[in-house]
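One structure is given below, encoded as structure tokens.
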Amino acid sequence: MILPYIVLATLAGGVLSVVVAASLTVHVLGRLVKHLVSLSAGVLLGTALLQVLPEAFESGQASSHALFLTLLAGLLFFFLLEKAELYRHGHHHEGDGHEHHHHYDEEQAGRGGWSVLVGDSIHNFCDGVIIAAAFLADVRLGAMTALAIIAHEIPQEVGDYIVLLNAGFSRAKALLFNAISGLAAVVGGVAGYLVVEPWRALFPYLLVVASSSFVYIAVADLLPQLQRRLHWRDTLAQLGWLAAGLLSVVAIGGLSRH
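Under the numbering used here, the residues of the sequence shown are numbered 1 to 258, in order.
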């Protein structure tokens, strides 16, 4: 019964991002992504530090020293994966307020869009494995993990959609590329279910790896975007969306326990 949950959860992020991208103009999407980045930073940090990591440490199946070592290794792994340009976080695009040079989006898209497609597909595959491991450990934890990933997937895929449009892709082709990369999460979820399920002793370590992914994305990519000098109203908006992300994790976690 767990596999359908995994498939639905991994499919949701890709479907929602494509629906959002298809229904709004590029100008509106550009403004929306700024707020969603703040929201997803709060959701990722809240899920990692308030839900997933406590579950791993309280399981009693691994020592604290081993889990902290896994956390460190996970952070370094995702750092190296991003250095190899295989773990993209596509929030940047021309016109996002970060003063990117002209033709920035065309360079980001790469030759024929393969840079975006390959990087996001690997990223989404890893997300699928993480969701599968969380659902196999606990359905409630799986739902929380899926929520965190979906919260990050929407601004990421919308950002990549804008990059592809500004690089010369048609609306239909850009949406198709996003949909294809999103399906990699479903493949990762099914693969994670088939491979991870027999190795339940590894679940605490997999949960810590999931947390390291969330913390790395939030600290290395999202929060630095929020450090720019802004008008006090924009700063308050950032803090508000960040707090909304954290509070949503706390509220949903409390409801799921009851």
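Even glycine gets a Cβ: it sits at the ideal position worked out from N, Cα and C. Every value quoted in this text rests on a predicted model; they were computed, and no experiment measured them.
Identify which residue in the options has its Cα closest to the Cα of residue i.
i, options, result
"His146", "Ala185, Asn178, Gly240", "Looking at the sequence provided, one finds Ala at residue 146 rather than His. The shortest Cα separation from Ala146 among Ala185, Asn178, Gly240 belongs to Ala185."
"Arg200", "Ile180, Ile149, Ser170, Phe135", "Phe135"
"Ala151", "His27, Leu49, Pro4, Ala9", "Ala9"
"Val249", "Ser40, Val19, Val20", "Ser40"
"Glu153", "Asp138, Arg171, Ile131", "Ile131"
"Leu50", "Ile2, Ala148, Asp120", "Ala148"
"Met144", "Gly46, Ile2, Val37, Leu75", "Gly46"
"His35", "Ala251, Ile6, Leu239", "Leu239"
"Leu202", "Ala133, Leu72, Ala179", "Ala133"
"Asn166", "Leu80, Ala237, Ile6, Gly30", "Gly30"
"Glu223", "Leu80, Val37, Leu247", "Strictly speaking, residue 223 in this sequence is Leu, with Glu absent from that position. Of the candidates Leu80, Val37, Leu247, the one whose C-alpha sits nearest the C-alpha of Leu223 is Val37."
"Glu197", "Ala137, Gln225, Trp232", "Ala137"
"Leu76", "Asp120, Leu236, Ile217", "Ile217"
"Ser23", "Val158, Arg233, Val187, Gln225", "Val158"
Use the C-beta contact count for residue i: other C-beta atoms within 10 angstroms, 16 or more gives buried, fewer gives exposed.
i, result
"Gly254", "exposed"
"Glu58", "exposed"
"Gln227", "exposed"
"Val195", "exposed"
"Val28", "exposed"
"Val20", "buried"
"Ile2", "exposed"
"Ala172", "exposed"
"Ala84", "exposed"
"Glu55", "buried"
"Ala251", "exposed"
"Leu141", "buried"
"Ser213", "buried"
"Pro204", "buried"
Pop quiz: residue i and residue j are said to be a contact at Cβ under 8 Å. What is the actual Cβ separation, rounded to whole angstroms?
i, j, result
"Ala220", "Gly42", "In fact, because the Cβ distance is near 16 Å, the residues do not count as touching under 8 Å."
"Phe177", "Leu117", "6 Å"
"Gly182", "Ser17", "7 Å"
Specify whether the stretch 5-22 and the stretch 127-141 touch according to this definition: at least 3 beta carbon pairs, one from each stretch, less than 8 Å apart.
yes
Touch check for the stretch 67-82 and the stretch 207-218: three-plus C-beta pairs under 8 Å?
yes
Just to confirm the assignment: which complete beta strand (DSSP E) runs, minimum length 3, are found wholly within the stretch 103-191?
none
Give the list of continuous alpha helix (DSSP H) stretches no shorter than 4 residues that lie fully inside the stretch 188-255.
203-216
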